[in-house]
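Protein chains in written order, with this note's numbering: chain X, 1 to 478; chain W, 1 to 478. Quick reminder that beta carbons are idealized off the backbone N, C-alpha and C, glycines included. For clarity, every value in this text was computed on a predicted model and none was experimentally measured.
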């Protein structure tokens with residue numbers, strides 16, 4: 001483990017892959033495009049799940065589980081949907097030793113099969129709203145894959161809701177966008193921009209797609225969660241109707257929203273450094289690691305006694321691990337836990353025991369500046385404060401980084417430079433043709449049209465110069 | 001919802017299907033053999049998961065995630081394994097619009113792909129034991145399916161561990177069998193017999209399979225969890241070797257153990273009655289439902305005030321729901337929550353408010369005998385005691401039921417009668433031929449050879465009369 005990760009500045013892409021593998025988050029699998037999520041990576045995902053699931057339940061949602069397999073004919077029922085997904089499907093043609101009469105699609109997303117069930121379950125306005133979420137694996141055949149960011153199979157949650165009115169469905173779509181945004185900011189320490197997708201970037205089958213967009217360490221954008229207003233598209237394709245209070249049959253209005261294991265990729269890319277992973281305390285599987293330091297066996301006994309006391313003091317309030325392995329030097333252990341992103345390290349040596357103190361080392365501030373002694377008395381409180389400070393600092397730093405690389409280019413020349421080095425926040429005329437040309441010329445896409453716009457303000461489209469009523473975030477993206 | 005479930009005594013099989021559907025646990029899906037787990041059923045499964053996951057982590061296991069797809073060649077590497085699974089496979093032959101060069105199997109279980117990864121991850125004795133669990137969906141093509149009990153796709157956990165010695169692996173196998181048994185008894189209130197499977201009933205690829213067997217309400221057995229000693233079968237097929245302390249290459253010893261959504265079926269069948277579901281408090285998504293009773297609006301206001309107080313008093317310690325829906329009578333609500341198996345109902349009417357009391361109604365003791373008043377003061381404690389009493393009573397009742405239907409037949413004539421009405425606990429010579437004849441003649445199989453045997457005792461095989469050294473549990477099974 002003396003091997004170090006490739007420096008970020010040298011090769012960001014290799015740095016990312018190194019961190020994922022060396023921090024034991026994931027590994028390649030023998031199946032092309034699929035990955036193995038290793039225990040450390042999965043524990044991180046479990047914390048992401050817990051943070052989201054709590055928020056979903058607080059906003060009135062329940063979990064359920066729908067089948068992995070979808071009849072091919074279902075996918076074909078919603079025209080735009082099928083266009084969006086056809087090239088990405090994995091298809092089961094043999095079951096129980098026989099050729100199937102109708103091939104089954106391994107779900108790329110579940111709007112269709114859930115739509116089919118909703119048509120059965122929803123009869124009257126009393127059955128609405130129906131607010132269901134599913135935690136599941138989905139499959140989209142990908143040519144170029146990257147661990148966590150783009151894999152043929154990935155884990156996610158997909159919420160699917162049905163409502164009596166368009167307004168209610170719209171409200172739901174934005175509520176869940178806010179849930180994602182709240183999670184990203186407060187738990188993952190990742191600043192995100194909430195916004196609308198342009199027509200060309202929206203989800204196949206949606207009327208409007210919303211997104212939270214984040215800036216990675218290489219200035220590129222990552223779509224980190226999406227929430228879709230599906231209008232009555234799926235209601236009409238799957239005949240999901242309800243009797244309203246006047247006893248008239250109406251189509252429902254539906255939404256869907258999803259966040260995936262991509263989020264793990266975002267956490268790595270936003271916070272990681274040349275030492276490896278840096279995990280936000282709220283999501284870190286291990287929040288505090290205690291590393292004892294000794295030379296003689298007499299020292300060892302004295303130190304370990306204090307280590308056990310400290311562990312006992314912390315155990316109820318933080319996820320703590322003691323690394324008392326033999327045969328590894330303290331320095332080796334420091335590197336190991338830094339690589340794995342543990343937010344706070346507690347070092348305890350013979351001198352600390354004498355002084356009734358420990359040394360705290362913050363992962364977000366590497367080296368000496370992040371170290372300070374702390375008295376044993378009241379250590380649980382000190383550790384809590386320190387974790388809160390780390391969480392806060394990580395968010396602020398990521399926000400500053402994004403703001404420093406978000407530009408307001410004065411002309412298209414400056415725009416080209418901007419999107420090569422970050423985000424351009426620019427007026428856009430709303431024309432898809434203009435958008436396509438920008439993409440062609442700069443590789444930048446419209447990441448989103450932020451929800452927050454200066455009311456009534458207008459400007460000139462950064463590309464064509466025509467009058468524009470909205471500003472958009474442009475950038476190169478994963 | 002005036003429709004009632006088919007009485008158990010009339011048609012057990014229809015009763016089961018009625019309960020599953022009317023209690024909103026699951027529904028049929030448009031894909032043959034697959035089911036939809038509805039929110040109430042999924043919440044129950046989430047509690048099963050939480051109870052097991054806690055126990056896995058307490059015994060040193062970590063979670064990870066391996067790919068859904070397995071190259072067909074992997075399945076073929078372990079001869080007995082392939083024989084066991086070939087007829088049950090779902091196979092992906094098309095991906096991304098193209099015929100695949102090597103077809104991919106949708107995992108029926110993950111020994112093979114995990115074996116492949118372990119071969120990569122395990123180098124030295126320091127890497128052992130490797131104790132990983134996975135929560136996942138698996139697919140086994142089934143001809144005759146039943147909701148929760150046998151479905152083409154089901155949810156489960158599969159533990160896969162690798163050890164340096166056979167003894168350690170054996171210890172792990174029995175440790176996890178005990179974890180399952182502890183969960184079944186203490187959380188699901190289901191008495192189980194821990195035992196070994198006969199050669200003919202064991203898992204394809206295992207050296208020895210262990211099981212927990214439970215008796216359902218129709219006296220039939222349900223295998224409720226299994227733990228397998230795989231010896232070096234998969235280690236040799238996938239070349240999983242480690243350098244021991246003497247620097248010599250050795251094959252590891254592996255185990256696997258699994259428990260699935262079948263457990264939900266067991267809970268329904270062991271505890272349910274003619275009113276519907278009866279859920280053990282430890283696993284019930286809603287442990288307590290509060291039903292307010294009023295006639296006038298003045299009564300309503302007074303009653304609801306107390307209802308809110310009670311809810312607030314209970315909220316921190318139990319999963320409580322208030323059913324204050326308009327337009328439904330209290331009697332209708334009672335039926336509804338009984339059908340859904342809520343362990344304890346709290347009724348609060350105007351007279352109760354006057355007397356500063358509530359009425360508790362136990363689901364496990366239907367009707368008047370299960371009702372009693374309880375003072376508002378100290379209600380949280382009373383409710384806790386009541387839930388504990390229900391949990392306890394449910395277990396004892398299921399144990400009495402099983403014991404009352406477990407027989408010690410004196411001859412093969414009595415044996416035939418025994419297995420038509422429950423379990424036969426009988427001496428068996430150990431000969432597979434004898435076992436096959438019993439199955440042929442009575443439809444009963446060896447459910448398990450219990451771990452607990454009278455040391456040194458012998459008897460005569462219930463079928464052939466030859467000397468026998470072990471007694472087995474025989475029964476008809478799901």
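Residue i to residue j span [Cα, whole Å]
i                     : j                     : result
residue 37 (chain W)  : residue 78 (chain X)  : 24 Å
residue 1 (chain W)   : residue 336 (chain W) : Because residue 1 (chain W) sits at a pLDDT of 45, beneath the cut-off of 50, its placement in the model cannot be relied upon, and the following sentence gives the value as read from the coordinates. C-alpha separation (whole angstroms): 8 Å.
residue 276 (chain X) : residue 393 (chain W) : 54 Å
residue 12 (chain W)  : residue 404 (chain W) : 19 Å
residue 445 (chain W) : residue 420 (chain W) : 12 Å
residue 239 (chain X) : residue 282 (chain X) : 43 Å
residue 407 (chain W) : residue 423 (chain W) : 6 Å
residue 253 (chain X) : residue 229 (chain X) : 8 Å
residue 300 (chain W) : residue 306 (chain W) : 10 Å
residue 10 (chain X)  : residue 137 (chain W) : 41 Å
residue 141 (chain X) : residue 384 (chain W) : 51 Å
Residue-level contact to chain B via CB, residue i, 8 Å cutoff
i                     : result
residue 460 (chain W) : In the structure shown, chain B cannot be found, because the protein chains are X and W.
Assumed close pair residue i, residue j - CB separation to whole angstroms, cut-off 8 Å
i                     : j                     : result
residue 256 (chain X) : residue 160 (chain X) : 5 Å
residue 59 (chain W)  : residue 194 (chain W) : Contact flag wrong, Cβ pair sits at about 16 Å.
residue 462 (chain X) : residue 409 (chain X) : 7 Å
residue 200 (chain W) : residue 435 (chain W) : 6 Å
residue 359 (chain W) : residue 330 (chain W) : The pair is not a contact, with the Cβ atoms about 11 Å apart (cut-off 8 Å).
residue 498 (chain W) : residue 294 (chain W) : Since the first and last residues shown for chain W are 1 and 478, residue 498 (chain W) lies out of range.
residue 124 (chain X) : residue 243 (chain X) : 5 Å
residue 128 (chain X) : residue 184 (chain X) : The Cβ separation is near 29 Å, so there is no contact.
Distance cut-off 7 Å: residue i Cβ against heavy atoms of the ligand SAH
i                     : result
residue 170 (chain X) : The ligand SAH is not part of the structure shown, which contains no ligands of any sort.
Reference residue i; option with closest CA among the options
i                     : options                       : result
residue 417 (chain W) : W:243, W:441 and W:394        : W:441
residue 371 (chain W) : W:457, W:397, W:419 and W:344 : W:344
residue 443 (chain W) : W:475, W:274 and W:130        : W:475
residue 478 (chain W) : W:315, W:407 and W:221        : W:221
residue 398 (chain X) : X:137, X:272, X:231 and X:45  : X:272
residue 347 (chain W) : W:369, W:334, W:136 and W:172 : W:334
residue 324 (chain X) : X:125, X:289 and X:171        : X:289
residue 264 (chain W) : W:8, W:27, W:42 and W:30      : W:42
residue 261 (chain X) : X:230, X:224 and X:285        : X:224
residue 284 (chain W) : W:138, W:388 and W:299        : W:388
residue 481 (chain X) : X:45, X:15, X:355 and X:432   : Residue 481 (chain X) is absent from the model: chain X starts at 1 and stops at 478.
residue 155 (chain W) : W:19, W:134 and W:168         : W:134
residue 40 (chain X)  : W:132, W:17 and W:241         : W:132
residue 70 (chain W)  : W:57, W:180 and W:89          : W:89
Buried or exposed by the 16-neighbour rule on C-beta atoms within 10 Å, applied to residue i
i                     : result
residue 204 (chain X) : buried
residue 378 (chain X) : exposed
residue 143 (chain W) : exposed
residue 109 (chain X) : buried
residue 202 (chain X) : buried
residue 47 (chain W)  : buried
residue 246 (chain X) : exposed
residue 152 (chain X) : buried
residue 214 (chain X) : buried
residue 447 (chain W) : buried
Near-chain W residues of the segment 213 to 226 of chain X - C-beta to any C-beta below 9 Å: none
Residues of the segment 85 to 115 of chain X with Cβ closer than 8 Å to any Cβ of chain W, in chain order: 86, 87, 88, 89, 90, 91, 92, 93, 94, 95, 96, 97, 103, 104, 106 and 113
Interface positions of the segment 35 to 48 of chain X facing chain W (Cβ-Cβ less than 9 Å), listed along the chain: 35, 36, 37, 38, 39, 40, 41, 42, 43, 45 and 46
Near-chain W residues of the segment 186 to 203 of chain X - C-beta to any C-beta below 8 Å: none
Short-range partners of chain W found in the segment 20 to 34 of chain X, where Cβ spacing is below 8 Å: 27, 29, 30, 31 and 34
Contacting positions in the segment 60 to 89 of chain X - beta carbon closer than 8 Å to chain W: 62, 63, 64, 65, 66, 67, 68, 69, 70, 71, 74, 86, 87, 88 and 89
Interface positions of the segment 114 to 129 of chain X facing chain W (Cβ-Cβ less than 7 Å), listed along the chain: Flagged, chain order: 116 and 117.
Residues, ordered as in the chain, of the segment 442 to 467 of chain W that lie near chain X by beta-carbon distance below 7 Å: From the segment 442 to 467 of chain W, no residue has a Cβ closer than 7 Å to chain X.
Short-range partners of chain X found in the segment 155 to 167 of chain W, where Cβ spacing is below 9 Å: Correct list: 155.
Residues in the segment 328 to 353 of chain X having any Cβ partner in chain W nearer than 7 Å: none
Where the segment 298 to 325 of chain X meets chain W: residues whose CB sits under 8 Å from a CB there: none
Residues, ordered as in the chain, of the segment 425 to 442 of chain W that lie near chain X by beta-carbon distance below 7 Å: none
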